[in-house]
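Enquirer:
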């Protein structure tokens, strides 16, 4: 028996059907034994044995004569190596097998996008975009006001004045110094061979820093502090913070030379 396949490395989008081709090119045995095994992480398991579909493909697959395996409604868990084995006892070559590597591609889900609401002119800003379901791994595109942002700002007259770095692999858009023209609605698209998904637009505002207002605020604070300090100093000079003079009741006369202290009584006052 001699086997061949039309595609040793097929791919399919998730929830679609795929045929794993196993063709018998030459055989003499009238009723050969046909088996299919799924090999994942080095562990084989039967998916077709004794003329019946089994395992996780039960009710989701069928054999297309003479030996091809058709997977219906493929899922991401079906990505694996599959081995078609045919045994023909009456043939000179009584056994042959073919290994087929199946890839199930998964469309990205809606990515999580992070856009700062407002950034002062001249300050850095970072925008993030990420999703974890797509296979193969998603690539990311950023858009501003529905215009795709190029990796190199010098490649587009609309972005030539911007200073940023864009990573399509990580989904990050980093501005080193935001300018007024960087304001707008931003959204991100995650894309791979199976399809794409995007998040809703988010507005990023860019505002000028009010230098005059900051200086005025500092002046006001300093003036208030000076007034407080002057007030405390004047109060101290007027004696508001000194203790009251001692009364006769607690007056203690200077010590006499005989070493005995005398205290005035109220009658002596």
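In the UniProt record's numbering, the protein residues as written are 1 to 269.
Backbone N, C-alpha and C fix where the C-beta goes; we use that ideal spot for every residue, glycine too.
1) Since residue 17 and residue 70 are thought to touch, with beta carbons under 8 Å apart, how far apart are those beta carbons, to the nearest angstrom?
2) How about residue 28 and residue 1: are their beta carbons less than 9 Å apart?
3) Following the continuous beta strand (DSSP E) through residue 96, name the residue where it begins and the one where it ends.
4) Going by CA-CA distance only, name the one from 219, 99, 89 and 153 that's closest to residue 32.
5) Candidates 130, 229 and 179: which alpha carbon is nearest residue 160's?
6) Might you give, ordered along the chain, the residues of its own chain that have their beta carbon closer than 7 Å to the beta carbon of residue 66, omitting 5 neighbours on each side?
7) From 135, 121, 168 and 200, pick the residue whose C-alpha is nearest to that of residue 162; which is it?
8) Per DSSP, which one or two residues make a beta bridge with residue 24?
9) How long is the line joining the alpha carbons of residue 49 and residue 55, rounded to whole angstroms?
10) If you reduce the DSSP assignment to three classes, tell me which class residue 188 lands in.
11) Look up residue 120 in the DSSP assignment and say whether it is helix, strand or coil.
12) Return the CA-CA distance between residue 155 and residue 168, expressed in angstroms with no decimal places.
13) Beta-carbon within less than 6 Å of residue 4's beta-carbon, same chain only, minus the 5 sequence neighbours each way: which residues are those?
14) Looking at the secondary structure, which residues open and close the beta strand (DSSP E) in which residue 165 lies?
15) Starting from residue 35, trace the beta strand (DSSP E) both ways and give me its first and last residue.
16) Could you check what DSSP says for residue 74 in three-state terms: helix, strand or coil?
17) Given the structure, does residue 209 come close to the ligand FAD, in the sense that its CB is under 8 Å from one of the ligand's heavy atoms?
Expert: According to the data block:
1) 7 Å
2) yes
3) 95 to 105
4) 89
5) 179
6) 24
7) 121
8) 3
9) 10 Å
10) strand
11) strand
12) 16 Å
13) 23 and 25
14) 164 to 167
15) 33 to 40
16) coil
17) No copy of the ligand FAD occurs in the structure displayed, which carries no ligand at all.
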